[in-house]
Amino acid sequence: MMIGPFVGNTGWYDYSYADPKFSLEKIAKRKYYGATWQDKVKIDWAIEDRKLSMIAAKQTIKDIEQVKQKKDYTHDTYRYTSQNLQYLHHIEYFDYFNAFIGTSDFESIYQSYNIKYSIMGHVHFRNSFKEQGVTYICPCLGYSREWRTADIENEIRHALYQFSVLILCRN
Numbered sequence: 001m002m003i004g005p006f007v008g009n010t011g012w013y014d015y016s017y018a019d020p021k022f023s024l025e026k027i028a029k030r031k032y033y034g035a036t037w038q039d040k041v042k043i044d045w046a047i048e049d050r051k052l053s054m055i056a057a058k059q060t061i062k063d064i065e066q067v068k069q070k071k072d073y074t075h076d077t078y079r080y081t082s083q084n085l086q087y088l089h090h091i092e093y094f095d096y097f098n099a100f101i102g103t104s105d106f107e108s109i110y111q112s113y114n115i116k117y118s119i120m121g122h123v124h125f126r127n128s129f130k131e132q133g134v135t136y137i138c139p140c141l142g143y144s145r146e147w148r149t150a151d152i153e154n155e156i157r158h159a160l161y162q163f164s165v166l167i168l169c170r171n
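UniProt numbering applies: residue 1 is where the sequence shown begins, and numbers increase by one.
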């Protein structure tokens, strides 16, 4: 498949994928039933998560504006950009930790800038679907214990997507 200009960054989470039964205060603790979301102990951005998510979205707009093509864009981020890819719905443990897998901050960007592909990671299962003209692709390889087979070559082949990338040069 041929893709247009490619923009992306790591993104961050805005808690919007958490079940609404959890308060913002509870989510901000990043601890639930004895488990700790590892970002709490491994990363200190010195900025609130939802603000960081918005900064990443604004940077994406700047990057798109810099390319300034009226083409079909591809956006790449580590975080999920569609709630339809949430990890294990309706299991209380995951209803809480879904807060940390993605962001809704890119939704309006996808419609305003004609994003055709959204490539993302962060969770360890593969999925793809099309919604409102955007093809969402999560080609995660995951851990070997999560694979469908014991054959690494088969798992890699199953996770790969092939793209033809349009390269734009500036003079």
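The C-beta atom is built at its ideal place from N, Cα and C for all residues, glycine as well.
These figures come from a predicted structure and were not determined experimentally.
Leaving aside the five residues that flank F100 on each side, the residues in its chain whose CB is nearer than 6 Å to its CB run, in chain order, Y13, W37. Assignment of beta-bridge partners to N127 by DSSP yields C138. If you compare the alpha carbons of I152, Y136, D105 with that of Y161, the shortest gap goes to Y136.
Under the three-state reduction of DSSP output, S16 falls in the coil class, being neither helix nor strand.
For the options V41, K116, D39, S104, the alpha carbon positioned closest to that of F163 is the one of K116. DSSP places K21 in no alpha helix (DSSP H); its state is neither H nor E.
Cα atoms of R79 and E155: separation of roughly 22 Å, rounded to the nearest angstrom.
For N154, there is no enclosing beta strand (DSSP E); the residue is found in the alpha helix (DSSP H) stretching over 152 to 159. Cβ atoms of R126 and C138 come within 8 Å of each other, at about 6 Å.
Distances from the CA of I64 to each of A159, F129, N9 were compared; the closest alpha carbon is that of N9.
Put simply, of E131, T77, S53 the residue whose alpha carbon is nearest the alpha carbon of H122 is T77. Per DSSP, the unbroken alpha helix (DSSP H) holding S53 starts and ends at 49 to 67.
Annotation: the continuous beta strand (DSSP E) that includes F6 extends over 6 to 9.
In the DSSP annotation of this structure, the continuous segment of the alpha helix (DSSP H) that includes S112 starts and ends at 107 to 112.
Taking every protein chain shown into account, the CB of D44 has fewer than 16 other CB atoms within 10 angstroms, so this residue is exposed.
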